[in-house]
Structures are given as structure tokens and as C-alpha cells.
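Peer 1: As you go down the protein sequences, you meet chains A and B in turn.
Offset between the first sequence (1-based) and the working numbering: plus 65.
Offset between the second sequence (1-based) and the working numbering: plus 2.
Here it is: the structure, laid out below.
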Amino acid sequence: MSEFILKARDLNKFYTQRSGRFGFGTKIVKALDNVNLDLRHAQTLAVVGESGSGKSTLARCLLQLQPLDGGSVFFQGRDLADLPAVELRKQRRHLQMIFQDPFASLNPRMNVGEIVSEGLLIHGLGDRDERYQKTKHMLERVGLRESDMKKYPHEFSGGQRQRIGIARALVLSPKVVVCDEPVSALDVSIQAQILLLLKELQKEMSLSYIFITHDLRVVRHIADEVAVMYQGKIIENGNIADIYQSPKEEYTRNLLSAIPGQKQRIASFKSRVILES
Amino acid sequence: MAALVSIEELTIAPLDQPSLKLVNNVSFAIQSGKTTCVVGESGSGKSLTALSVMGLLSNQLKRQHGKILFQGQDLTLLSAEKMREIRGRQIGMIFQEPMTSLNPVLTVGYQIGESLSVHLGLKGDALKKKVAELLEQVGIPASRANSYPDELSGGQRQRVMIAMSIACEPALLIADEPTTALDVTVQAQILSLLDKLKASMNMGMLLITHDFGVVADVADHVVVMFRGEIVEAGTVNQVLNKPKHPYTKALLDCVPDAEGKKLLKPIDYAWLKDSKSKKVKVAS
């Protein structure tokens, strides 16, 4: 197997926006502008950027949840866009996603057992009993109990719901997991639990993560490599230690100096010159 | 120096469940020209404490006990009308979500001017001039006074909220998670703006947050709340560098650092329960 499990080449995605008086004009927004990414097997690649930088669009496009306007995503060497629909559906079990909002991403009318086992059912994995055992095992692994399978999402706290979201993604034993701001809605104490859980599971199941976030402190703890996005482009990427110690781009430096908790920075923080341009 | 605000033995519970103390016997003080940060997880009672200072507690909740002394007078004894005079005039407020706290059908200039005309009786050109000044003060071009909230970015909206809250030069500014919804770079700008305004206007500031990074940046004093109670209070240096209470230590262990050297350690709540008897006496 090649070293890279997921490669993205020249991804482009445009949105048209109404503009001008009464919205007669149209403006094209480049959400993704020739984006290239390489995700190594069993590693974590963090994508950081501010809101509007295109990082969530990137997450959805990588998983083919949104059509691309150009470029290709190669999963284990195969271009996902070239796959016939049936084949793509088969591959989807290897490409899973964990969402930001644990309140909005779980169906309130399904109990936890149904939510977590739905993927197994759709992909026809195992019989009823095997599915039950797998679901139970996965829930226990993320710190929930067998008795929780009969409960509904509203009965859980934010952190527990995020665990359900993780169990749902991982019960299919995926290879690549895209995590879109998985901890930004959580308290720091819960955030630490979830980050550690994700790290443990990565080791056990040799998962490769694409970790989308705006929190540079979280990135430092979870990622091996980092890509900085700004206005749809990846402006800098590389090894996590290199980027944090010697960022090349002005924008990255600015982003790093904005991490709270560096007292001297607050006095000297300059208005963001390039960001406003 | 007498404290600007002193909260004494504040206790809050729901009307229908008087035994469920959401805020339990909370006391701390805020000085003029200083920032007091209240930190805690969700549900720790930090926002309720702030709301009760403003007299905006939901009518489902009851303040069972306690005094809130502001410049020597007990706010809890004031009539609704008297309280309205103080709110916005002597106590400014900033909330977490700027979009939901601004009125979408009124220009931001009008909204900033509102408290000036209500509390200070400004009108016409004098009002316009003051609004323009305020906008410049928070770093927005005065020409944006005619913009509607949806025409502004998140950071600009929060600046408008700040302009509104400092319009009457209040003695106390209460900010409930003012930067939680913002990007880090914008957050840094807003925090440094608040810090500057606080110093130039000698305001006391009560900042509610769950982010220890923010605390380290702007706080003079820190109050740590856990399940409705204060577990530790002190200067920012004491609390962050030499925490006494096991909960404060545990909470600090959860915060990822920018260098990535620290090992994250989630809170062991069961252990905390046992250690509750070892409660550190709070001196403020």
C-alpha cells in the first residue's frame, strides 16, 4: 500500500452569489482554489483557517458529499469521481465523517442503537446479531453502555453525543475519518476527553484523520501535519513542528500570534494588515 | 479601596425547585479599572451570576439570598424602574452572540444612539457626533453608522455591541463570553480593544469565559466556579500558576497549550467528589 491513503489534486469549488442592486449581478466565490492535499496512512492532517476560508467545503468535497467543480480525490490510488455510483457507495464505508454539532447531527427520532448500527445495515455488514454485537462493542469503546442503545439523543450531554457521533463513524472500521470541528462546541474538560479518545482510537484502528478546526491549540495536540487555508487556498503546509516554530507566511504568523494565553501579545497585537486586504 | 461591585452570598434556585442551588453562596468583588474573570464549565452558574448583577434573571429563577452592592447601593433592593436607569447607563453589557443581540431592522448607528438619547438626552447633531466618535473608538469607520447588522462581519458586530455598551461610559462592563463566537484573530483584536477601553475609562470589567487563554490575557482577578460554587478565587497569577483547588488544577490540565508539550488530562469527576471535603477556603 502506498504511503498516502488520500490525495487531493487541484480541487476547485465555486459558489455563485447574487450581488449588486436587487441581486441582478452574480459574483463567483472561490471556496476551493486549486487545493492539493496528501494524507499519510494512520496520521492526522489538520486543516486550519478562519470562518469562510473554505475548510468545511473542503471536508465535504473530499468525501464526495458535494460535487467538485474541478480536480480529483484519490482514495488508495483510485479517483473517487471516476467510480460508478455503486462502487462509490461501497467505498464510503471507508470514508467517514464526525461533525461539529453533536446536537444537530444525530436524528432525534432514532435511538442510539439505531443511529450507530445504521451504517452496518446499509452496507449489509453482518446479520442482526453481529450488528448488535459490533454496535455494543463500539459504544462501550467510546465510553457508553449497552443500556444506552435504547436511549434517544436528547438524553445525553454534549460530550456524550459527540461520543455517539464518533461511534457511528467508526463502527464501519473506516480508513479515513474527516473530523469537522469535532470539539469546538465542547467545554475544555470534555474537549480533552474527546481528543484523547480520538488519539487512542487512531492507534487501535490505524485511522487516518483529516482534522478541520480553527483552534490552533487543539491542532498542536492532535496533528502530525497541518495545512493553513485562507480564502480557498492552502497557503502553507507541512510538518506541525516546523509550521509552529518557523511559519513562512505572514498570515500563518498572524494566526499563531492570535492564540490566546500569550500575555505579551495582547499589548502588541497589530490590526491584521493582510487579512483586511 | 472600596470595591466597585461586591457580590455577597448570592444564591439562586429555580422557583419550583428551591433546593436545587444553581448558584450557591457566591461572593466576590470587582474593582474599578480591573478585570475579574469568572471561569467554569457550562452549567457552573457563571452566566447566572452575571445576569443577576444586571438584574436580568429569568422569572423562573429566584434569588434566594444575597446582596449585590454596586457603588455602595444594593441593586437587589431597587425597583425595576430604578434598575433600568442604571442598566446601560452605569452598567454596560456585551453578550456572546452579536447577531442575536442586535436588532436586524435598525441601523447600527440608531442602536448605538438609543442608550445615549434615553439616558443622556442627546439629540440631533450632538447625538450623531457622539455615535460617530464611538464607532471610531471601536475601530469602525463612522460612515458605517447607516449600515444594518447583516452588512457587518461578526467581529464588526461585536465592536458595535461594545460601542453600545460603553456609550454612556459605564462604571462597570459585563461581558458574557464576548469572543467565543469569533475567529482567533478577531478575538485577539476584540480583547485588546476591551483592555484598552477599560484602562482609558477606568471601568471595572466582569468577564465570563471558559477559555483560560483569554483569562491569562486580560484578567487581573479570577474566580473559578464549579457546580454553582466558587472553588477558588485570587489574582490571575495565583490561580493560573499556583492553583490550590484540585478542580482548578484539573481544569487547567485540560487546556491544550500552544507549544503542544503538555499532556492533556481529562477531569476525573469521581475523584473530585471525594476531594470536595478538602475545599480550599476562598479569600478575595
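Each residue gets a CB set at the ideal place from its N, CA and C atoms; glycine is no exception.
Have a look at Q161/A and A234/A and give me their C-alpha separation to the nearest angstrom.
Peer 2: Within the first sequence, the letter at position 96 stands for residue 161/A. Within the first sequence, the letter at position 169 stands for residue 234/A. Near 5 Å, if we compare the C-alpha coordinates of A234/A and Q161/A.
Peer 1: Assuming H212/B contacts V253/A under a Cβ cut-off of 8 Å, what Cβ separation, rounded to an integer in Å, is found between them?
Peer 2: For this step, residue 212/B is matched to residue 210 along the second sequence. For this step, residue 253/A is matched to residue 188 along the first sequence. Their Cβ separation, rounded to whole angstroms, is 6 Å, which keeps H212/B and V253/A in contact under 8 Å.
Peer 1: Opposite I93/A in the DSSP bridges: which residues?
Peer 2: As a position in the first sequence, residue 93/A is number 28, starting the count at 1. Paired residues: T81/A.
Peer 1: Taking just the CA atoms, how far does M205/B sit from Q129/A?
Peer 2: Translated into positions along the first sequence, residue 129/A becomes position 64. Translated into positions along the second sequence, residue 205/B becomes position 203. Distance between the alpha carbons of Q129/A and M205/B: 52 Å.
Peer 1: Give the secondary structure of F69/A by DSSP, where H, G and I count as helix, E and B as strand, and everything else as coil.
Peer 2: For this step, residue 69/A is matched to residue 4 along the first sequence. If DSSP states are grouped into helix, strand and coil, F69/A belongs with the strands.
Peer 1: Name the DSSP beta bridge partners of I93/B, please?
Peer 2: Here the question's residue 93/B lines up with position 91 in the second sequence. Its beta-bridge partners are R89/B and L174/B.
Peer 1: Which term fits S118/A, buried or exposed, when burial requires 16 or more other beta carbons within 10 angstroms of its beta carbon?
Peer 2: Counting from 1 along the first sequence, the entry for residue 118/A is found at position 53. By the 10 Å Cβ count, S118/A comes out buried.
Peer 1: Taking F97/B and D178/B to be in contact with their CB atoms under 8 Å, please state how far apart those CB atoms are, rounded to whole angstroms.
Peer 2: The count along the second sequence starts at 1 and reaches residue 97/B at position 95. The count along the second sequence starts at 1 and reaches residue 178/B at position 176. Their Cβ separation, rounded to whole angstroms, is 6 Å, which keeps F97/B and D178/B in contact under 8 Å.
Peer 1: Just by C-beta distance, which residues in the region 213-226 of chain B are closer than 9 Å to chain A?
Peer 2: Listed by position, the residues of the region 213-226 of chain B near chain A (Cβ gap below 9 Å) are D213, F214, G215, V216, V217, A218, D219 and V220.
Peer 1: Counting contacts by CB-CB distance shorter than 9 Å, is I326/A in contact with chain B?
Peer 2: As a first step, residue 326/A is located in the first sequence; it is residue number 261 there, counting from the start. It should be noted that the sequence gives Gly, not Ile, for residue 326/A. Judged by the 9 Å Cβ criterion, G326/A is in contact with chain B.
Peer 1: Name the residues in the region 173-195 of chain B whose C-beta lies less than 7 Å from a C-beta of chain A; which are they?
Peer 2: The region 173-195 of chain B vs chain A, Cβ under 7 Å: D185, V186, T187, Q189, A190, Q191, L193 and S194.
Peer 1: Are the C-beta atoms of E115/A and some chain B residue less than 9 Å apart?
Peer 2: In the first sequence, residue 115/A corresponds to position 50, counting from 1. For E115/A, the answer is yes, since a Cβ of chain B falls inside 9 Å of its Cβ.
Peer 1: Using only alpha-carbon positions, find the residue among S155/B, S49/B, G115/B and D18/B that is nearest to I168/B.
Peer 2: The residue you call residue 168/B lines up with position 166 of the second sequence. Answer by Cα proximity: G115/B.
Peer 1: If you count every other CB in all the chains shown that lies within 10 Å of the CB of Q82/A, and 16 or more means buried, which is it?
Peer 2: Locating residue 82/A in the first sequence gives position 17, counting from the first residue. With fewer than 16 other Cβ atoms within 10 Å, it is exposed.
Peer 1: Quick check on the DSSP output: what are the complete alpha helix (DSSP H) runs of length 4 or more inside the region 148-226 of chain A, in order along the chain?
Peer 2: The region 148-226 of chain A contains these whole alpha helix (DSSP H) runs: 150-157, 177-187 and 193-206.
Peer 1: Would you identify the three-state DSSP class for N204/B, choosing helix, strand or coil?
Peer 2: Walking along the second sequence from the start, residue 204/B turns up at place 202. The answer is coil: DSSP assigns N204/B none of H, G, I, E or B.
Peer 1: Going by DSSP, which residues form a beta bridge with K298/A?
Peer 2: Numbered from its first residue, the first sequence carries residue 298/A at position 233. DSSP lists Y295/A as partners of K298/A.
Peer 1: Please state the DSSP three-state secondary structure of N304/A.
Peer 2: The count along the first sequence starts at 1 and reaches residue 304/A at position 239. Of the three classes helix, strand and coil, the one that applies to N304/A here is strand, per DSSP.
Peer 1: Any contact of the region 254-274 of chain A with the region 133-147 of chain A, i.e. 3+ C-beta pairs under 8 Å?
Peer 2: Contact fails: fewer than three Cβ-Cβ distances are below 8 Å.
Peer 1: Taking a Cβ distance cut-off of 8 Å, strictly less, list which residues of the region 249-263 of chain B are near chain A, in chain order.
Peer 2: So the list reads A252, L253, D255, C256, V257, P258, D259, A260, E261 and G262, given in the order they occur along the chain.
Peer 1: Does the pairing of the region 237-246 of chain A with the region 72-80 of chain A give three or more beta-carbon distances under 8 Å?
Peer 2: In short, these stretches do not touch, since the Cβ pair count stays below three.
Peer 1: Which same chain residues end up closer than 8 Å to I180/A when comparing Cβ atoms and leaving out the 5 residues on each side of it in sequence?
Peer 2: Within the first sequence, residue 180/A is the residue found at index 115, counting from 1. Excluding sequence neighbours, I180/A sits near L171, N172, P218, I229 and R233.
Peer 1: If I'm right that K48/B touches M163/B with Cβ under 8 Å, what's the distance once you round it to whole angstroms?
Peer 2: Counted from its first residue, the second sequence places residue 48/B at position 46. Counted from its first residue, the second sequence places residue 163/B at position 161. With 8 Å as the limit, K48/B and M163/B do not qualify as a contact, their Cβ atoms being about 19 Å apart.
Peer 1: From the DSSP output, which residues share a beta bridge with Q75/B?
Peer 2: On the second sequence, position 73 is the one that residue 75/B refers to. F72/B.
Peer 1: In whole angstroms, what is the alpha-carbon distance linking P311/B and V248/A?
Peer 2: Here chain B comprises residues numbered 3 to 286, so residue 311/B is not present and cannot be evaluated.
Peer 1: May I ask whether a heavy atom of the ligand MG can be found less than 8 Å away from the beta carbon of P149/A?
Peer 2: Judged by which ligands are present, the structure shown has none, so any question about the ligand MG falls away.
Peer 1: Which class does Y249/B belong to by DSSP, given the choice of helix, strand or coil?
Peer 2: Numbered from its first residue, the second sequence carries residue 249/B at position 247. Helix, per DSSP.
Peer 1: Based on DSSP bridge pairs, tell me the residues matched to E234/B.
Peer 2: Translated into positions along the second sequence, residue 234/B becomes position 232. Answer by DSSP bridge pairing, in chain order: V226/B.
Peer 1: If you follow the beta strand (DSSP E) that D18/B is in, where does it begin and where does it stop?
Peer 2: For the purposes of this step, residue 18/B is identified with residue 16 of the second sequence, where counting begins at 1. That residue, D18/B, is in no beta strand (DSSP E); it is neither H nor E in DSSP.
Peer 1: Ignore the nearest five residues each way along the sequence and tell me which others in I70/B's own chain have a CB closer than 6 Å to its CB.
Peer 2: Residue numbering aside, residue 70/B sits at position 68 when the second sequence is read from its first letter. I9, V55, L77 and T78, listed in sequence order.
Peer 1: May I have the straight-line CA-CA distance separating K267/B from Q160/B, to the nearest angstrom?
Peer 2: For the purposes of this step, residue 267/B is taken as the residue at position 265 of the second sequence. For the purposes of this step, residue 160/B is taken as the residue at position 158 of the second sequence. Using only the alpha carbons, I get a separation of about 33 Å.
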